[in-house]
Amino acid sequence: LKPRRDKMVNVNIICVGKVKEKYINMGIDEFTKRLSAYTKLKIIELKEDGNDRNRDQSIKKESIKIIETIFKNKGYSILMDIGGKKFSSEDMSKKIEQITVNGNSTINFIIGGSYGVSKEVRDIVDLRMSFSDLTFPHQLMR
-10 LKPRRDKMVN
0 VNIICVGKVK
10 EKYINMGIDE
20 FTKRLSAYTK
30 LKIIELKEDG
40 NDRNRDQSIK
50 KESIKIIETI
60 FKNKGYSILM
70 DIGGKKFSSE
80 DMSKKIEQIT
90 VNGNSTINFI
100 IGGSYGVSKE
110 VRDIVDLRMS
120 FSDLTFPHQL
130 MR
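Quick note on the numbering used here: the sequence shown kicks off at -10 and runs consecutively.
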């Protein structure tokens, strides 16, 4: 693949919480560099609520922040969700091409907090996508 600067897509990764492990941050930095020839990547970290006593309240607060961020970063929004649709690499590539052909120059990938997201977030996104039936640590999903 050759880089095409004339058709660059903006990709935002909207995620709840910060990556604390140095080795994961190193991996993120490496992939950000590799992708820079093909896309403008921005990672938007939202503050984790951290209220372990009231999960519903945490989900609600974090989901409000996610929705606000989606509206600020207009584009096609894809929620990473274990109940979402699974794609092969080829099908995902076709889907991204379809999204951009339809006039979207920004794609928002959303990774919720440890307890998930509200129904409102699931309802507002354009697509719910799953990488696997397996559950991965949120930091690794980035």
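Glycine included, each C-beta is placed from N, C-alpha and C at the ideal position.
As the structure is a prediction and not an experimental result, all values here were calculated from the model.
Among residues of its own chain, excluding the 5 on either side of residue i, which ones have a beta-carbon nearer than 6 Å to its beta-carbon?
i   : result
F76 : none
K54 : L35
R44 : Y104
K31 : N1
D38 : S47, K50 and E51
Rounded to the nearest angstrom, what separates residue i and residue j at their Cα positions?
i    : j     : result
S82  : R23   : 17 Å
G92  : V106  : 27 Å
F125 : E57   : 25 Å
V94  : E79   : Before going on, a small fix: residue 94 reads as Ser here, not Val. In a straight line, the C-alpha of S94 is about 20 Å away from that of E79.
Q29  : V(-2) : Just to set this straight, residue 29 is Lys in the shown sequence, not Gln. Taking the straight line from one Cα to the other gives about 6 Å.
K19  : I85   : Residue identity check: residue 19 is Glu in the sequence provided, not Lys. Roughly 22 Å between the two C-alpha positions.
I100 : K63   : 17 Å
I3   : T21   : 15 Å
R42  : E109  : 22 Å
At what residues does the beta strand (DSSP E) containing residue i begin and finish?
i   : result
K31 : T28 to L35
F98 : T95 to I100
Which residues in the same chain have their Cβ closer than 8 Å to the Cβ of residue i, if we skip the five residues on either side of it in sequence?
i    : result
K74  : L116, R117, M118 and S119
R151 : This structure cannot settle anything about residue 151, because the visible part of the chain is limited to -10 through 131.
Starting from residue i and walking both ways along the alpha helix (DSSP H), at which residues does that stretch end?
i   : result
K50 : R44 to K61
S78 : S78 to V90
Let me know the secondary structure DSSP gives residue i once reduced to three states.
i    : result
S66  : strand
L123 : coil
V0   : strand
Suppose the cutoff is 7 Å on Cβ atoms and the five residues either side in sequence are ignored; what does the same chain contact list for residue i look like?
i   : result
I88 : Y65 and I96
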